[in-house]
Ligand code: FO1
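Rendered as structure tokens:
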């Protein structure tokens, strides 16, 4: 019989989320970790179903992620992309030869009627991932970025246009009718919820936009913590800082903490930003100051251990409140 309250539910997007997930996977027994992943970056490209964040988390946990980019597979070759270019096909979204195998298998299984969560479980199992990686939903949800150049599909904005068009608003088409994955709808036996250092607006917000998820998290009586994706006013990776500014938020870890206020009990803040701790605590959020930069596997394990210690420390203060 598993011990109650032993599971960690981590919410993750792409590269930053995957790094902390790897640290958590090293610190926890496989059955004690569920990583719920954003799928609003998913799209159909060259006739294939691509799930970038699921694959980033899966490849990272399998130890086969490309260490330079964080996405895609290590030891990749690009023969198919080169041949596609020669034939005049689109090459702005780089699909490596080995990575293509994942998209081919996923596309065939989805077309045969399998659910994304099933296909993800099968792929992860084949790649030797032990913990659960689940899509936020099996239903299609797509991020649309409203910009000064009009509405853009997420990967058009992010990859093809290098996040350059200024962001006015973001919406998640399909979210309103999507059903959350059971791990998000009815989380059981939780020791804590960890919001990974992913982009709040395009990685975490889509998960919260699935009906019922925000309410469920708000109602959880277990420690809920977020790890800052912003250090010294800059995103560790990607456009989070640019988006904070363009969407009218404070470009700092405080801006992120304000965005998560009401959802989290604790915030892991980088040492660089220690001076922001009182302002974050004034929001009713406890702060743990630590090193949040994950440059190598030791950093990932250390940050995961600090995150779990913080969760357990908050559990005793929640019990006494
Ligand atoms: N990101 C890029 O910046 N350029 C690419 O060509 C690219 C290809 C790609 C292929 C497969 C995959 O799973 C991810 C890929 N990404 C690429 C990353 C990805 O689209 C974004 O990092 C995420 O959607 C944001 O989390």
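In my numbering, the protein residues as written are 4 to 324.
We treat Cβ as the ideally placed atom computed from N, Cα and C, and that holds for glycine.
Residue i vs residue j beta-carbon contact at 8 angstroms
i: residue 226; j: residue 287; result: no
i: residue 279; j: residue 306; result: no
i: residue 172; j: residue 151; result: no
i: residue 19; j: residue 232; result: yes
i: residue 261; j: residue 219; result: no
i: residue 81; j: residue 58; result: no
i: residue 175; j: residue 44; result: no
i: residue 135; j: residue 61; result: no
i: residue 76; j: residue 84; result: no
i: residue 109; j: residue 149; result: no
i: residue 163; j: residue 95; result: yes
i: residue 242; j: residue 144; result: no
i: residue 183; j: residue 205; result: no
i: residue 284; j: residue 292; result: no
i: residue 3; j: residue 26; result: For the chain, the structure presents residues 4 to 324; residue 3 sits outside this window and is missing.
i: residue 177; j: residue 142; result: yes
i: residue 228; j: residue 197; result: yes
i: residue 310; j: residue 272; result: no
i: residue 64; j: residue 199; result: no
i: residue 244; j: residue 254; result: yes
Cα-Cα separation, residue i to residue j
i: residue 4; j: residue 195; result: Confidence at residue 4 is low in this model, with a pLDDT of 41, below 50, so its placement is unreliable and the value that follows should be read with caution. Distance between the alpha carbons of residue 4 and residue 195: 20 angstroms.
i: residue 10; j: residue 192; result: 6 angstroms
i: residue 14; j: residue 274; result: 23 angstroms
i: residue 21; j: residue 28; result: 10 angstroms
i: residue 202; j: residue 322; result: 31 angstroms
i: residue 190; j: residue 236; result: 33 angstroms
i: residue 35; j: residue 8; result: 9 angstroms
i: residue 32; j: residue 56; result: 23 angstroms
i: residue 327; j: residue 267; result: Not covered by the structure: residue 327. The range shown for the chain is 4 to 324.
i: residue 335; j: residue 314; result: Residue 335 lies beyond the stretch modelled for the chain, which goes from 4 to 324, so this question has no answer here.
i: residue 112; j: residue 46; result: 16 angstroms
i: residue 6; j: residue 40; result: Low per-residue confidence applies at residue 6: pLDDT is 47, beneath 50, and the placement is therefore not dependable, though the value from the model is reported in the following sentence. Roughly 25 angstroms separates the two Cα atoms.
i: residue 125; j: residue 38; result: 15 angstroms
i: residue 251; j: residue 263; result: 15 angstroms
i: residue 181; j: residue 42; result: 11 angstroms
i: residue 117; j: residue 70; result: 31 angstroms
i: residue 185; j: residue 91; result: 43 angstroms
i: residue 212; j: residue 247; result: 18 angstroms
i: residue 87; j: residue 319; result: 57 angstroms
i: residue 214; j: residue 129; result: 31 angstroms
i: residue 239; j: residue 249; result: 18 angstroms
Endpoints, the beta strand (DSSP E) within which residue i is located
i: residue 48; result: 46-48
i: residue 311; result: Segment 300-322 is the alpha helix (DSSP H) holding residue 311; no beta strand (DSSP E) there.
i: residue 277; result: No beta strand (DSSP E) holds residue 277; DSSP gives it neither H nor E.
i: residue 191; result: From DSSP, residue 191 is part of no beta strand (DSSP E); its letter is neither H nor E.
The alpha helix (DSSP H) enclosing residue i, as first and last residue numbers
i: residue 270; result: Counting along the chain, residue 270 falls outside any alpha helix (DSSP H), though it belongs to the beta strand (DSSP E) covering 269-273.
i: residue 138; result: That residue, residue 138, is in no alpha helix (DSSP H); its beta strand (DSSP E) goes 135-138.
i: residue 128; result: 119-129
i: residue 22; result: 18-30
i: residue 210; result: 208-212
i: residue 188; result: 185-188
i: residue 282; result: 280-284
Residue closest to residue i, alpha-carbon to alpha-carbon, out of the options
i: residue 326; options: 180, 184 and 147; result: Any property of residue 326 remains undetermined from this structure, which presents the chain solely from 4 to 324.
i: residue 265; options: 223, 238 and 179; result: 223
i: residue 123; options: 116, 111 and 137; result: 137
i: residue 300; options: 66, 249, 103 and 255; result: 66
i: residue 230; options: 117, 115, 295 and 68; result: 295
i: residue 107; options: 221, 48, 312 and 302; result: 48
i: residue 159; options: 93, 114 and 238; result: 93
| Any alpha helix (DSSP H) of 4 or more consecutive residues that is wholly inside the region 201-266 | 208-212, 216-222, 243-249 and 256-263
| query | What residue ranges within the region 36-120 form continuous beta strand (DSSP E) runs of no fewer than 3 residues, ordered along the chain? | reply | 36-40, 46-48 and 51-53
| request: Just list the beta strand (DSSP E) runs in the region 138-189, keeping only unbroken ones of 3 residues or longer that don't cross its boundaries, in chain order. | output: 145-150, 153-156 and 170-176
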